[in-house]
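As given, the protein sequences belong to chains A and B, one line each in that order. The first sequence begins at 15 in the numbering used here and counts up one residue at a time. The second sequence begins at 89 in the numbering used here and counts up one residue at a time. Every residue gets a Cβ at the ideal spot worked out from N, C-alpha and C, and that includes glycine. Only a predicted model underlies this, so the values are computations on that prediction, with no experimental measurement involved. Notes to accompany the following structure.
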Amino acid sequence: MRRVAWILVVLLAALPARAQTVDPADPLGSVMWTTVRDAVFPGAAMVFDDHVQVFSPPVVEDTMNVPVSVLVNGLPDVEEIVLLVDHNPIFKALAFFPVQAAPAFETVIKVQEATPIRAAARTSDGVWHVGGLRVDAAGGGCTVASVAASGGDWDRLNEVSGTAWRRPDGGQRLRFQVVHPMDTGLVDGIPPFFIERLSVATPEGQELARLELFEPVSENPVFTIDLRGHAGSVVIGGADTDANQIAARIGMASTLFGLLEASR
Amino acid sequence: MKSILRSVTIASALVLGATMAHAAVTDAEIMDDAASTNQIVTYGLGHQGQRHSPLSQISPDTIKDLVPVWSFSFGGEKQRGQQSQPLVKDGVMYVTASYSRMFAIDIKTGDELWQYDARLPDGIMPCCDVINRGAALWGDMVYFATLDAKLVALDAKTGKVVWRKELGDYKAGYSATAAPMIVNGKIITGVSGGEFGIVGKVEARDAKTGEMVWSRPVIEGHMGTLNGKETTMTGVKNASWPGDMWQHGGGATWNGGTYDPETNLIFMGTGNPAPWNSHLRPGDNLYTTSTLAIDPDTGEIKWHFQSTPNDGWDFDGVNEFVLFDLKKDGKIIKAGAKADRNGYFFVLDRTNGKLLSASPFVTKTTWADGFDLKTGRPNVIPANRPGNPANTGADGKGSSVFVAPAFLGGKNWMPMAYSPATELFYVPANEWGMDIWNEAITYKKGAAYLGAGFTIKPLYDDYIGALRAMDPKTGKIVWEYKNPAPLWGGVLTTGGNLVFTGTPEGYLKAFDAKTGEEVWKFNTGSGVIGSPVSWEQDGAQYIAVSSGWGGAVPLWGGEVAKAVKDINQGGSVWVFKLHGK
Chain A
15 MRRVAWILVV LLAALPARAQ TVDPADPLGS VMWTTVRDAV FPGAAMVFDD
65 HVQVFSPPVV EDTMNVPVSV LVNGLPDVEE IVLLVDHNPI FKALAFFPVQ
115 AAPAFETVIK VQEATPIRAA ARTSDGVWHV GGLRVDAAGG GCTVASVAAS
165 GGDWDRLNEV SGTAWRRPDG GQRLRFQVVH PMDTGLVDGI PPFFIERLSV
215 ATPEGQELAR LELFEPVSEN PVFTIDLRGH AGSVVIGGAD TDANQIAARI
265 GMASTLFGLL EASR
Chain B
89 MKSILRSVTI ASALVLGATM AHAAVTDAEI MDDAASTNQI VTYGLGHQGQ
139 RHSPLSQISP DTIKDLVPVW SFSFGGEKQR GQQSQPLVKD GVMYVTASYS
189 RMFAIDIKTG DELWQYDARL PDGIMPCCDV INRGAALWGD MVYFATLDAK
239 LVALDAKTGK VVWRKELGDY KAGYSATAAP MIVNGKIITG VSGGEFGIVG
289 KVEARDAKTG EMVWSRPVIE GHMGTLNGKE TTMTGVKNAS WPGDMWQHGG
339 GATWNGGTYD PETNLIFMGT GNPAPWNSHL RPGDNLYTTS TLAIDPDTGE
389 IKWHFQSTPN DGWDFDGVNE FVLFDLKKDG KIIKAGAKAD RNGYFFVLDR
439 TNGKLLSASP FVTKTTWADG FDLKTGRPNV IPANRPGNPA NTGADGKGSS
489 VFVAPAFLGG KNWMPMAYSP ATELFYVPAN EWGMDIWNEA ITYKKGAAYL
539 GAGFTIKPLY DDYIGALRAM DPKTGKIVWE YKNPAPLWGG VLTTGGNLVF
589 TGTPEGYLKA FDAKTGEEVW KFNTGSGVIG SPVSWEQDGA QYIAVSSGWG
639 GAVPLWGGEV AKAVKDINQG GSVWVFKLHG K
């Protein structure tokens with residue numbers, strides 16, 4: 015976090031003509047948007063685009079666990095989707111690289127206060143397509159200690175649980191959870207400690223999807239993604255900021271619940 | 089409904105401040121560290137461990153102008169013992185701190201470049217405060233070991249983790265605090281945890297990848313490995329250990345090592361045998377309380393010297409083995425010296441481990457009456473071994489004895505220094521004794537494995553610590569400086585005829601290397617128990633030392649606590665140079 019803040023300060027210093035006002039084109043009218051935009055994709059082309067949709071409950075119950083669902087519909091060749099939280103001390107929650115997956119995902123994040131939550135999808139022409147919504151929230155999701163930090167079960171660190179369901183289109187839905195405190199470093203005495211990268215691959219090692227994670231992703235994060243053109247078990251790999259490795263295999267479900275989930 | 093509202097093109101000239109140019113550290117630079125003056129890329133200012141800087145700008149004549157340049161706070165609420173030795177490369181200082189933290193600091197400004205905080209699990213079991221002793225540099229990486237017994241490789245430019253490997257199971261009591269050592273592309277480490285019945289070991293990993301090359305347990309009966317396969321057994325099973333006591337035999341290699349390019353040998357000290365109650369393990373208990381010479385390519389033990397066979401007093405033999413040329417009778421002997429916990433200053437032939445001399449460097453060594461140079465063994469005084477609890481009454485305690493030195497040692501972890509100019513060693517010693525008695529004990533994973541009780545008492549009213557200049561040719565003390573509180577910091581010698589060391593009272597002090605006259609002192613605000621260093625940058629000779637009271641003394645010191653109770657916590661590194669330079 016300290017590093018992030020420092021980089022930001024330098025960025026601001028290097029941009030003398032930084033816009034101080036709300037971007038009139040921003041459908042969410044966010045005072046932070048121009049800052050977030052210039053920090054996350056400086057120099058890149060971007061458009062506000064309704065093809066990129068973000069779903070989340072409009073009123074946040076638990077600022078440490080805000081479910082977010084992102085769907086990109088009708089844009090070709092989406093190579094990367096970043097999830098941004100304007101009013102978080104750390105804006106960027108994650109970057110999703112679909113590779114062979116649908117340009118859509120669900121996860122759970124922390125929010126520090128009422129804020130726009132946005133998804134920006136980069137198409138192969140390099141343009142960022144931005145959509146989002148505003149959620150109302152009480153304060154504090156990023157600056158309270160994780161449950162694990164106050165005496166968690168270290169034996170289960172980086173343990174992965176999950177299931178894959180076959181879908182009518184021949185692909186499969188994958189949902190998995192990794193046990194990790196995802197500490198932001200913004201709580202006194204608890205250093206930043208979070209999962210940095212996750213990958214989904216076939217048992218033979220072919221990459222199906224990839225995630226880069228940052229501090230705002232919730233403790234014990236959950237991810238849902240739809241894989242295309244692959245049926246069967248998958249291998250989850252990755253590492254956290256202390257280079258603790260993540261390695262697990264997830265098999266197919268064959269339950270009634272699985273059928274219900276897949277038809278959702 | 090798509091509307092292009094903004095297409096930003098900002099020149100991508102995002103100058104991220106003046107980035108420090110850290111050139112990769114080579115094996116040759118590491119081997120040349122003792123002679124080089126513009127950087128410090130090893131723990132010990134050279135693998136020989138002499139802690140000598142040839143620099144002479146600061147001398148007894150000029151030192152009155154030695155003033156602080158900056159002080160850097162380690163911050164947080166983590167103000168515990170700071171025992172680190174800083175490293176210096178290309179204008180950047182790499183210094184470790186309590187709770188397994190590392191900082192990179194721009195030496196010109198004192199600005200922090202990055203900070204790495206290891207995320208420690210709740211269950212760590214450091215015996216003697218949450219300290220760290222320093223880092224290692226090689227290639228583009230900087231390495232250190234953490235309290236949960238992990239070895240971490242960080243990118244030296246960013247502080248980001250490159251890899252992280254387990255040195256031992258922290259739940260079984262393994263821990264790590266010593267600075268790693270790089271020998272020809274391999275990173276050499278030991279482990280802490282002798283109070284929990286761990287098995288000490290020395291390991292070599294590929295410095296680039298962290299993959300294990302060899303592992304050498306130091307307790308006889310355990311198997312070594314090389315390139316993933318079992319190689320040789322350490323010693324001969326049950327030759328000096330009864331029954332299965334070797335399985336949790338201790339011998340923690342917790343204080344790092346030295347390396348001699350001339351003989352291609354690594355020298356590592358090993359700690360006390362476990363448990364402390366020696367009646368449970370009759371025999372020499374090899375290779376505890378020893379100095380081991382190890383082949384860095386294979387992990388084979390080439391020779392050993394055991395300073396306290398069948399140790400019953402917690403006289404770890406981990407103390408650093410400092411390499412030097414002993415000029416005696418017109419000959420130059422490839423020698424090494426070690427000031428042991430047990431109160432004796434040993435000089436060995438480093439090519440074969442033969443004992444050349446053993447001289448007490450403290451006033452009382454009541455557990456033994458000297459050493460037999462022919463056998464290399466101590467003349468132990470049996471009456472001063474704590475009694476066997478099996479032979480005594482219903483309270484389960486064996487008879488208590490008063491012994492000197494105390495278990496914290498005539499000298500503990502704090503590294504001594506050698507000056508090739510004066511040909512003297514400078515030993516930070518302590519004068520204390522202990523009441524010690526034995527009790528029954530059985531091994532339980534993760535629990536203290538001692539079988540002994542103890543209290544430490546100072547031997548004298550007016551001082552505990554003593555910095556002593558020892559002549560390795562004669563074993564005589566040439567001069568001494570007495571300090572009220574116990575000394576717990578490392579020593580530095582310089583080409584400017586100076587000896588630097590810190591005191592728990594907060595001072596960094598400098599002495600005339602020949603006479604012992606105190607020529608300079610500066611109060612850093614908290615106890616100094618780190619190891620000072622010196623280097624040259626932009627025409628000035630710099631001195632740096634960490635400040636922050638803690639370590640084993642306040643935790644284990646018994647009656648000594650009176651001498652240190654008013655010392656306050658801190659956590660910083662101080663940098664000095666001559667005013668106007």
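At a C-beta separation below 9 Å, B:Glu165 has these neighbours in chain A: Asp202, Gly203. By the C-beta density criterion, A:Ala261 is exposed, having fewer than 16 other C-beta atoms within 10 angstroms. Secondary structure of A:Glu229 (DSSP, three-state): coil.
The stretch 166 to 184 of chain A makes no contact with the stretch 90 to 106 of chain A: fewer than 3 CB pairs, one atom from each, lie closer than 8 Å. Within the same chain, Leu580, Ala598, Pro620 come within 6 Å of B:Phe588 by CB-CB distance, once the 5 residues on both sides are set aside. B:Thr322 and B:Leu555 have their C-alpha atoms some 37 Å from each other. Straight-line measurement puts the Cα of B:Thr591 at about 15 Å from the Cα of B:Tyr514. With contact defined as three or more Cβ pairs closer than 8 Å, the stretch 392 to 409 of chain B and the stretch 349 to 365 of chain B are in contact. Contacts with chain A at 8 Å (Cβ-Cβ) include B:Gly211. For B:Val183 against B:Leu201, the beta-carbon gap comes to about 12 Å, at or over 8 Å, which does not count as contact. Counting only residues of its own chain and dropping the five nearest sequence neighbours on each side, B:Val271 has a CB closer than 6 Å to the CB of Tyr347, Pro384.
Interface annotation for the stretch 188 to 205 of chain B against chain A: Arg189, Glu200, Trp202, Gln203, Tyr204, Asp205, criterion Cβ-Cβ distance under 9 Å. At a cut-off of 8 Å between C-beta atoms, B:Val468 does not count as an interface residue with respect to chain A. Within the same chain, and ignoring the five residues on either side of A:Ala223 in sequence, the residues whose Cβ sits closer than 8 Å to its Cβ are Phe110, Phe111, Pro112, Val113, Gln114, Ala115, Ser213, Val214, Ile239, Leu241. Taking the beta carbon of B:Arg168 as reference, no residue of chain A falls within 8 Å; the closest one sits roughly 13 Å away.
Measuring C-alpha to C-alpha distances from A:Ser44 to each of A:Glu120, A:Val82, A:Val74, A:Val149 identifies A:Val149 as the nearest. Along the stretch 207 to 231 of chain A, going in chain order, the ones with a CB nearer than 7 Å to a CB of chain B are Phe207. The residues Thr277, Ser303, in chain order, have a CB closer than 6 Å to that of B:Glu291 in the same chain once the five nearest residues on each side in sequence are set aside.
A contact is defined here as three or more CB-CB pairs under 8 Å, and the stretch 426 to 437 of chain B meets this definition with respect to the stretch 389 to 400 of chain B. Taking all protein chains shown into account, B:Thr530 has fewer than 16 neighbouring C-beta atoms within 10 Å of its C-beta and is therefore exposed. With 16 or more other Cβ atoms inside 10 Å of its own Cβ, B:Gly594 counts as buried. Of all residues in the stretch 251 to 262 of chain B, the ones placed with a Cβ closer than 7 Å to any Cβ belonging to chain A are Trp251, Arg252, in chain order.
Counting along the chain, no beta strand (DSSP E) covers B:Ile118; the unbroken alpha helix (DSSP H) around it starts and ends at 115 to 119. Close partners of B:Val180 in chain A (Cβ separation under 9 Å) are lacking, with about 16 Å as the shortest Cβ gap. In the assembly as shown, B:Arg139 is a buried residue. Its beta-carbon has 16 or more other beta-carbons within 10 Å. When C-beta distances to chain B are compared with 8 Å, the residues of the stretch 233 to 263 of chain A below that value are Thr255, Asp256, Ala257, Asn258, in chain order.
The way I'd put it, the stretch 311 to 330 of chain B doesn't touch the stretch 483 to 500 of chain B; fewer than three beta-carbon pairs between them come closer than 8 Å. Distance from the CA atom of A:Val236 to the CA atom of A:Val82, rounded to whole angstroms, is 11 Å. Listed along chain A, the residues sitting closer than 7 Å to B:Val249 by beta-carbon distance are Thr255, Asp256, Ala257. For B:Ala651, the uninterrupted alpha helix (DSSP H) run begins and ends at 649 to 652, by DSSP.
The straight-line gap separating the alpha-carbon atoms of B:Ala185 and B:Ile552 is approximately 26 Å. Of the candidates A:Ser232, A:Thr255, A:Glu218, the residue whose Cα lies closest to the Cα of A:Gly246 is A:Glu218. Excluding five sequence positions before and after B:Lys602, the CB atoms of its chain that fall closer than 7 Å to its own CB belong to Thr510, Asn585, given in chain order. Taking 3 residues as the minimum length, the beta strand (DSSP E) runs contained wholly in the stretch 241 to 280 of chain B are 249 to 254, 269 to 271, 274 to 277, in order along the chain. Under the three-state reduction of DSSP, A:Ala253 is assigned to strand.
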